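Note that the sequence shown ends on residue 290 in the working numbering; no numbers are left out. Every residue gets a Cβ at the ideal spot worked out from N, C-alpha and C, and that includes glycine. All of these numbers come straight from a predicted model, not from anything done at the bench. Written out below as structure tokens is the structure these notes cover.
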Amino acid sequence: MKITKAVIPAAGLGTRVLPATKSMPKEMLPIVDKPAIQYIVEEAVASGITDILIITNRGKGVIEDHFDISVTLEETLRRAGKLEQLATIENLHHLANIHYIRQIETKGLGHAVSRARTFVGNDPFVVMYGDDVIIGDIPATKELIDAYGTFGKGVLGVKPVSEEAIKKYSSLKIEPISEKVFKCTDMIEKPQKKEDIFSLYSILGRCVLPPEIFDILDRTKPGAGGEIQLTDAMAELARTEGMTAVEFSSKRYDMGNKLGILQANIEVGLKHKDTAEGLREYIKELAKTL
Ligand code: UTP
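Okay, here's the thing in structure tokens:
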């Protein structure tokens, strides 16, 4: 079955990036010249997704505006002959069918995903965490969708992380199938005790889920941080039906914390045609003073 639907939860409060996120959603924070969520929508489209549901809440209207047409701006740029600038915004409203729903109460990622039940219906679908930007030649979502085609089970996008980081993310119980593909039979969100850590492999921002996840989410109790955790629902899926974990090829940036935002801007800036040369020179000079 072809997977064509993606859900992007973007209703979090972004407290780790305050005050920037007081009135600006973290999903709209830029990496050089594009908001984080645009990279995510472009990855979805490059992976064959045609319909996207963005979960928002109060104050996230700028996300809707970003993917809408701006007739006045386009006309002004056209009249001024600023065609290069025009090209950067012209196709944004054609990228995909983008739908929106509000989460109303910020009760956690699992709760946000449960809002997507009607949109998803009976199809498998992709979840793309709104603050995890993955950049590279191979779209991570495409790799996950391909693995769903091969193994027919829910798929997790994973990478190994440091022992320090695993406490803030999830930890997966896995066994290798091939070099970058694993069978996942259990997982835990934010393990605080060493004995609770299954492995240093963690879910980093992407998964393919079967529609059965919605019934599981409905009975999932609040977990780490008092939030309804998607990981807790996926753990039930992993323990009963099993899931597949894929170490995706591209690089992931965490736009939910300050250092991640800076790293993304520096690395993408070093490759961007408008900034690469100037930024490289600047960093070389700056490094001499560090
Ligand atoms: P995070 O837990 O990283 O987002 O969720 P957060 O709650 O905004 O983070 P902090 O700790 O306050 O800084 C990962 C993704 O899930 C979305 C977020 O918008 C983010 O894209 N999310 C989280 C929701 O949509 N709803 C929620 O209730 C929680």
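Beta-carbon spacing of residue i, residue j below 8 Å
{"i": "Ile89", "j": "Ser114", "result": "no"}
{"i": "Thr150", "j": "Val126", "result": "no"}
{"i": "Asp196", "j": "Arg239", "result": "no"}
{"i": "Val246", "j": "Leu172", "result": "no"}
{"i": "Leu156", "j": "Gln229", "result": "no"}
{"i": "Leu270", "j": "Ala276", "result": "yes"}
{"i": "Ile49", "j": "Lys5", "result": "yes"}
{"i": "Val32", "j": "Val268", "result": "yes"}
{"i": "Lys153", "j": "Glu236", "result": "no"}
{"i": "Lys159", "j": "Leu217", "result": "no"}
{"i": "Gly81", "j": "Ser250", "result": "no"}
{"i": "Leu18", "j": "Thr106", "result": "no"}
{"i": "Ile134", "j": "Arg16", "result": "no"}
{"i": "Ser202", "j": "Tyr148", "result": "no"}
Near the ligand UTP: residue i beta-carbon under 7 Å from a heavy atom
{"i": "Ala11", "result": "yes"}
{"i": "Glu27", "result": "yes"}
{"i": "His111", "result": "yes"}
{"i": "Lys22", "result": "no"}
{"i": "Ala192", "result": "Note that residue 192 is Gln in the sequence shown, not Ala. Gln192 Cβ: outside cutoff for every heavy atom of the ligand UTP."}
{"i": "Val17", "result": "yes"}
{"i": "Gln103", "result": "yes"}
{"i": "Ile55", "result": "yes"}
{"i": "Ile14", "result": "First, the residue type needs correcting, since residue 14 is Gly and not Ile in the sequence shown. Yes; taking the cut-off as 7 Å, the Cβ of Gly14 has a heavy atom of the ligand UTP nearer than that."}
{"i": "Tyr129", "result": "yes"}
{"i": "Lys308", "result": "Within the shown structure, residues of the chain are numbered from 1 to 290, placing residue 308 beyond reach of any answer."}
{"i": "Thr231", "result": "no"}
{"i": "Gly108", "result": "yes"}
{"i": "Gly278", "result": "no"}
{"i": "Gly256", "result": "yes"}
CB-CB length for residue i against residue j, believed under 8 Å
{"i": "Leu200", "j": "Glu163", "result": "7 Å"}
{"i": "Ala11", "j": "Asn57", "result": "4 Å"}
{"i": "Pro139", "j": "Pro211", "result": "Not quite, the Cβ-Cβ distance comes to about 23 Å (not below 8 Å), so this is no contact."}
{"i": "Ile101", "j": "Ile55", "result": "6 Å"}
{"i": "Lys167", "j": "Lys190", "result": "6 Å"}
{"i": "Thr220", "j": "Asp232", "result": "5 Å"}
{"i": "His99", "j": "Ile52", "result": "7 Å"}
{"i": "Leu86", "j": "Arg79", "result": "About 10 Å separates the two Cβ atoms, so there is no contact after all."}
8 Å Cβ cutoff, residue i in contact with chain B
{"i": "Thr240", "result": "Within the model displayed, chain B is absent; a lone protein chain is all it includes."}
**Asked** Is the stretch 35-44 touching the stretch 81-100, taking contact as three or more C-beta pairs under 8 Å?
**Response** Touching, yes, given that three or more Cβ pairs across the two stretches are closer than 8 Å.
**Inter-stretch contact (C-beta, 8 Å, three-pair minimum) for the stretch 255-265 and the stretch 169-179** = No: fewer than three Cβ pairs fall under 8 Å.
**Prompt:** When the Cβ atoms of the stretch 126-137 are set against those of the stretch 242-258, are three or more pairs found closer than 8 Å?
**Reply:** Yes: the two stretches touch, three or more of their Cβ pairs being nearer than 8 Å.
**Complete runs of the beta strand (DSSP E) confined to the stretch 192-216 [at least 3 residues]** = 201-209
**Request:** Give, in chain order, every unbroken run of the alpha helix (DSSP H) that is at least 4 residues long and sits entirely within the stretch 83-163.
**Result:** 83-90, 109-114, 117-120, 140-151
**Asked** With contact counted as at least three CB pairs below 8 Å, one residue from each stretch, are the stretch 58-68 and the stretch 15-28 in contact?
**Response** For the pair of segments examined, the stretch 58-68 was found to touch the stretch 15-28: the number of CB pairs separated by less than 8 Å reaches three.
**Item:** Complete alpha helix (DSSP H) runs within the stretch 237-275 (minimum length 4 residues, chain order)
**Value:** 258-269
**Request:** Output the residue ranges of the beta strand (DSSP E) runs that lie fully inside the stretch 34-79 and measure 3 residues or longer, sorted by chain position.
**Result:** 51-56
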